[in-house]
Structures are given as C-alpha cells and as structure tokens.
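In our numbering, the protein residues as written are 36 to 225. So the structure is just underneath, and the comments pick up after that.
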C-alpha cells in the first residue's frame, strides 16, 4: 500500500530516524514513495510522548516503516508494519536487518475485515498510524475496522491531505484533534 504523492521524490539514502536509540540512522525507502515528512513524524511523536514506551504499534500503508522504526527507537515494545508492496516490505526487511531488531513484524495487505485475524481476534494495539494515499476512498470504513483492534485508551492517527476533511469518527473512537503541516494533516481519534 505504498503511497505516491505529487511533489518532490524522497531524498537519496532513505529516511532518517529522528529520535531514540537509532537517532540519525537511515532507513531504506521504496523508490517513488513519499515517506511521512520528518516534521510530521516529530509532531506525531511529540503528541504521543511517553505513551510510546512499551506500546504495541500498528502501522498501515507503512511504505518505509519510518513510523514503526521511530516508535521502536523510542522504546515501543512491538510494531506491526503492513504494506501490500513487495518493494516496501523488502525495504523494511533491509532496515530491520541493518538495525538488528526482531521487534518489527511485517505483513502484506490486510483487508479491514481481516484485521482482527492479524491479532487473533483481540484488541492488541495501543497506537495505530495510518497513512493511505491521499486520494484513498473508504477511510471511514477502514477506521471503523481498525478501531476494533485498539485497546481501551488507545489511539489512531490518520495522516491525510490537508485539503480533505477526515472522517468524523473511527468506529468506537471519536475524533479528538486535527493538525495541519503544509499539504499533510494528522487526524487523531481516541
């Protein structure tokens, strides 16, 4: 579920981890992808703060897996990165090997109805980050399905185009906050 966006392509050399034990390390990124901007990731992790330590993270449309690796670098206990692109998963495997971590699991595309099967039918994630293509349809249904695998007190963050309104709710989770960062925006559901 690699995303393609208008604008400049990623810089050669991949994406840098911004904080934690892997700060400054580069991650592989699939050619033609547009990883979540550094300032957006910094804002996301500033918002999550201490909640990251020991958390279980789900990243959908992972691409380079930058959010998952950033979370692990900052002390998350586990991350599941989901992307349908074989190139994206290969890049994440390369980064995982370079960093020497077994805490990142990779999965291919998961349909909303299959999400519960990924976690054996139980709510298992504290934090969820979703970054679909900016022109993606059906976000309300996706958010509702994902909310079923979020623990009580958990949170979903949706990255989307700042030109579009995010869905008003994420299943059992309500819309809490909206932040704009140029062409990107984060919608937070808790």
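Virtual Cβ for every residue (Gly too), placed ideally from N, Cα, C.
Can you tell which of the options has its C-alpha closest to the C-alpha of residue i?
i, options, result
"residue 212", "79, 113 and 89", "79"
"residue 170", "184, 185, 196 and 208", "196"
"residue 123", "134, 209 and 62", "62"
"residue 135", "107, 117, 118 and 116", "107"
"residue 91", "214, 98 and 138", "138"
"residue 65", "85, 99 and 89", "99"
"residue 119", "60, 159, 201 and 95", "95"
"residue 129", "180, 50, 199 and 72", "50"
"residue 183", "102, 223 and 208", "208"
Let's test the definition: count the other Cβ atoms within 10 Å of the Cβ of residue i and tell me whether it reaches 16, buried, or not, exposed.
i, result
"residue 132", "exposed"
"residue 221", "buried"
"residue 206", "buried"
"residue 81", "exposed"
"residue 56", "exposed"
"residue 74", "exposed"
"residue 70", "buried"
"residue 172", "exposed"
"residue 111", "buried"
Assuming residue i is part of the alpha helix (DSSP H), what are its boundary residues?
i, result
"residue 107", "101-108"
"residue 120", "Counting along the chain, residue 120 falls outside any alpha helix (DSSP H), and DSSP gives it neither H nor E."
"residue 69", "It is not in any alpha helix (DSSP H) - residue 69 carries neither H nor E in the DSSP assignment."
"residue 178", "174-182"
Identify the continuous beta strand (DSSP E) that holds residue i and give its terminal residues.
i, result
"residue 219", "219-224"
"residue 215", "208-216"
Could you check whether residue j and residue i sit closer than 7 Å to each other, using their CB atoms as the reference points?
i, j, result
"residue 202", "residue 175", "yes"
"residue 115", "residue 77", "no"
"residue 87", "residue 60", "no"
"residue 101", "residue 117", "no"
>> With three or more C-beta pairs closer than 8 Å as the rule, is the region 160-167 touching the region 189-197?
In response: yes
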